[in-house]
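Everything below concerns the one structure shown next.
Encoded structure:
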């Protein structure tokens, strides 16, 4: 999908997001911004370089943890008016997630 905006965001290696509402006790990494965006090229390709995010406690129950994952959002003419948002977990590649979306 050419000319598609790809946005990614994730927690740092300790499992903390760089967001004022994130109250997890893991330290903020001053060398990691936690997000990025890029337009795909004429062939639909893009590239991000990042670190493996850490898991973090989830608010469902005291013992629940959200596994390491990277959020992404795709928007552009091929996607219609509303951007698509998903999470990429280690057992599922971004290619698998995107290929699950039906073509319109």
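Residue numbers (UniProt numbering): 1 to 104. Each residue gets a CB set at the ideal place from its N, CA and C atoms; glycine is no exception.
Assuming residue i is part of the beta strand (DSSP E), what are its boundary residues?
| i | result |
| --- | --- |
| residue 10 | 5-10 |
| residue 37 | 35-39 |
| residue 73 | 69-76 |
Just how far apart, CA to CA, sit residue i and residue j?
| i | j | result |
| --- | --- | --- |
| residue 55 | residue 10 | 10 angstroms |
| residue 2 | residue 62 | 43 angstroms |
| residue 41 | residue 26 | 36 angstroms |
| residue 76 | residue 44 | 12 angstroms |
| residue 73 | residue 48 | 13 angstroms |
| residue 4 | residue 28 | 30 angstroms |
| residue 99 | residue 78 | Low confidence applies to residue 99: its pLDDT is 47, below 50, so where it sits in the model is not reliable, and the reading given next is rough at best. Each residue's alpha carbon lies about 13 angstroms from the other. |
Assign residue i to buried or exposed, taking buried as 16 or more other Cβ atoms, counted over all protein chains shown, within 10 Å of its Cβ.
| i | result |
| --- | --- |
| residue 50 | exposed |
| residue 67 | exposed |
| residue 15 | buried |
Since residue i and residue j are thought to touch, with beta carbons under 8 angstroms apart, how far apart are those beta carbons, to the nearest angstrom?
| i | j | result |
| --- | --- | --- |
| residue 71 | residue 8 | 7 angstroms |
| residue 53 | residue 65 | Incorrect: roughly 12 angstroms between the Cβ atoms, too far for contact. |
Less than 8 angstroms between the beta carbons of residue i and residue j, yes or no?
| i | j | result |
| --- | --- | --- |
| residue 17 | residue 34 | yes |
| residue 32 | residue 12 | yes |
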